[in-house]
Structure formats: structure tokens, C-alpha cells
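To start, the structure under review is shown below, and the notes come after it.
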Amino acid sequence: MTPSHPTQRPTDAAYLDDRQPDLPTDLLTLPWIDVHNHAHTLSWNDRERYALSGCRSMIMVASGYHWTPYKPVRASDVRFLWDDAINRRAAIERNHFFEAKIGLGINTGARIENPNELLDAMDDYCALDEVVAIGETGVTPSQHVSSWNADHQQAVVQAQMEIAADHDLPVILHTPNRSDDSERSYRPELGTPGYEKNVELDQDSVIDGENPELEAVKLDVEAMRDAGLADERVVASHADGNNTEYLMDDTDCYLSYTIGNAWLIGVSIADVADAIDRYGPERIMIDTDCANVLRTDPFSLKRAIFELYRYGIDESAIRTVVFENPRDVFGLAEQHSG
Ligand SMILES: [Zn+2]
């Protein structure tokens, strides 16, 4: 062997041949969009992490019941959440440079006593430039604090979809997940580590059957059709192995895989890569769903970009998934886009 390096004795460099993998350095600066998070509930440092890792735009979803102190939840509590996000938004943008828009809606994860008050108010909120989506919303098998029967939930979801259709806004659907039973469970009184929720307040499922999580999605799709909202205006967040095939085969909705709290949702980047292989990137997105009540990771989307490439997904498909699809569906990243 002819010495190739001035090292004292041969190192790996002396044995490896000249073949270099083709490293796509464009991925280092690929802009990405997070279409579902609750970043306005995070810390300044967490929001900075989004900026540091190249987030171009995000949709801060202001419809989580988690943040209302009073139970049962009233319309005025949810209005406060909407207003709180509107109040913080501009300062968040100015501090961190990424575009921060808002999604607002009625999350049926807790029964709201007077939802019509919210539906009546929503019209005016939807006229705001910073409101780019309605949601997250979607029929949920079991509520926090107090149950909401499936028919009533579906009606509230449909009413929001009608408002979305009127304003030509997309809807971020919250789809429930079916988690695999792990071999061992935690002490029930402690809840799920990673999710700061008082599980004693969780109610029994209002949907019967073998697969209530999928049934819930089917009720959402029925509501979408009845509302006259186009499939392409619905982004099903928390897509998972339980609902991907149904949503891909029976609808033209977008599927957004939540990867910022994989321990909760049960979806890995490998699952996302498999979905891209099987269905193509055209209807797929990724979101972080980072929120202050959850163990979540603002770097997860940037990390997913490299991981998808390692799993064999090509650069243009990655760009479609993390940037172009969310840009086009939500009308984001229009100013100064590089
Ligand atoms: Zn969320």
C-alpha cells in the first residue's frame, strides 16, 4: 500500500477507496414548514430552536383545550386561546424571523358548553390575514373532563368545515391515534409520562366498535363531504398506520405525519418514508405538534429531513413533503422566499 496520508500508521483513510457518497448539501439549508404546532405555548428558547434549524413558516394552532384553566370548557375560554395567539404572533415573528401564522378552531377533545358562540365568532376571525387554517378539529373518541357524543361533535366539525369552505381556508384535522399496547403499563394514577394531563379526567369512548379511532376519521370525512369542502383542503394531522390506507385510498386529503412526539403518536420517520415510497410525496406533509404540555422536540422536523434521505427518499420528494405541499396548501412562505 502506498502511503496516502502523513499519519503515523495507517488510519481508516488509508483503507477506504475514493468513492464518496453523494451528500446532498442542499438539505442543510432546505427551508421547511411546520403546519401544526403550538409554538406560542413554548418557551422563547424553543421557538429559537425552530429558527436555528431552518424553519421558514409555521402554523401555531390555537385550539387546544389543554390550556383553558376552567372545566367544563366554555366558549369564552376558547376565545381567550384564539386571542392569546393573535396577541403573541407578531412579536414571535419579529424575534425569530420565521413566518408565524395561526390556525384556530374548536377542538372536540373536551366538550364545550356553548360551541355555537364560537361558530358565530369564527367568521370574523377567519377574515384575518394571519389566520390561515381552521383547526385543529376532528371527532375524538374520548374527551377530557366531560364527554361529547359523536353526533354532536361531528356537527361542530362540519360547521367549521362549512366556514372553511366559505373562506377558502384549509382545515387541520386532528385524527386520533391507535397506539400499540406496550408490554408493560405505567401506574394509572400517574398518567402518561411526557403528557402533563390529569388522566383521571379522561372520559370513556363515545364511539363503539373495533376501531373507534378510524371510525372517528370516517365521521370527519363524512362531515367534509356534507360541508362541501374539497378533499384537497383538508390536512389530516397525526396520520398513522391505522388511518393512512383509508385516507390515501378513499379520499384526496393530505396526510401530515406528526413526528415531534413520536413516543405518543407511534409514527417514526421510517413510517413516513414507507408512506412516501408507497403513495408518492404529493399528499404528504410532516408536522411537529410541539406543545408545552407534551415532551416534544422542535428539532424533529429538521432531523427528519436528513433521516428521510438516509432512508432512501430523494431530495425533491423531501422538498415536496417538508416545504412545497404546506406552502401551496396554506399559502405560506410567499414573501422573500429564496
Ligand atoms: Zn396539536
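In our numbering, each residue's number is its place in the sequence shown (first place is 1) plus 21.
Even for Gly, the Cβ is constructed at its ideal location relative to N, Cα and C.
All figures in this text were calculated on a predicted structure; none of them were measured in a lab.
For Thr158, there is no enclosing alpha helix (DSSP H); the enclosing beta strand (DSSP E) covers residues 152 to 158. Residue state for Ala106 is assigned as helix, using DSSP reduced to three classes. Ala154 is positioned such that its CB atom lies closer than 8 Å to that of Gly124. DSSP links Asp308 through a beta bridge to Thr279. Nearest C-alpha to Asp172 among Ser200, Asp229, Gly262: Asp229.
Looking at the DSSP output, Trp53 sits in a beta bridge with Cys76. Counted as a single uninterrupted DSSP element, the beta strand (DSSP E) harbouring Lys122 occupies residues 120 to 125. For Val242, there is no enclosing beta strand (DSSP E); the enclosing alpha helix (DSSP H) has its first and last residue at 233 to 248. Of the heavy atoms belonging to ligand 1, none sits nearer than 7 Å to the Cβ of Val342. With respect to the 8 Å criterion, Ile307 and Val343 are classified as neighbours on the basis of their beta carbons.
DSSP, read as helix, strand or coil, puts Ser321 in helix. Taking all protein chains in view, the Cβ of Tyr86 is crowded by 16 or more other Cβ atoms within 10 Å, so the residue is classified as buried.
Comparing alpha carbon positions, the residue from His188, Tyr207, Ser167, Leu268 closest to Leu194 is Leu268.
Within the same chain, His61 come within 6 Å of Arg109 by CB-CB distance, once the 5 residues on both sides are set aside. Taking C-beta separations shorter than 7 Å and ignoring five residues to either side along the sequence, the partners of His117 in its chain run Arg68, Glu69, Tyr71, Ala72, following chain order.
DSSP lists Gly156, Val256 as the beta-bridge partner residues of Ile193. Linking Ser289 to Ile280 through their CA atoms gives a straight-line distance of about 7 Å. Distance from the CA atom of Trp284 to the CA atom of Asp252, rounded to whole angstroms, is 29 Å. With a cutoff of 7 Å, His188 does not count as near ligand 1, since its C-beta is closer than that to no heavy atom of the ligand.
Remark: three or more beta-carbon pairs, one from each stretch, lie closer than 8 Å, so the segment 343 to 352 and the segment 48 to 59 are flagged as touching. A check of alpha carbon separations from Tyr330 across Ala96, Ala121, Pro45, Asp38 identifies Pro45 as the nearest.
Residues Ile280, Gly281, Thr309 of the same chain have their beta carbon placed closer than 7 Å to that of Ser321, with the five preceding and five following residues left out of the count.
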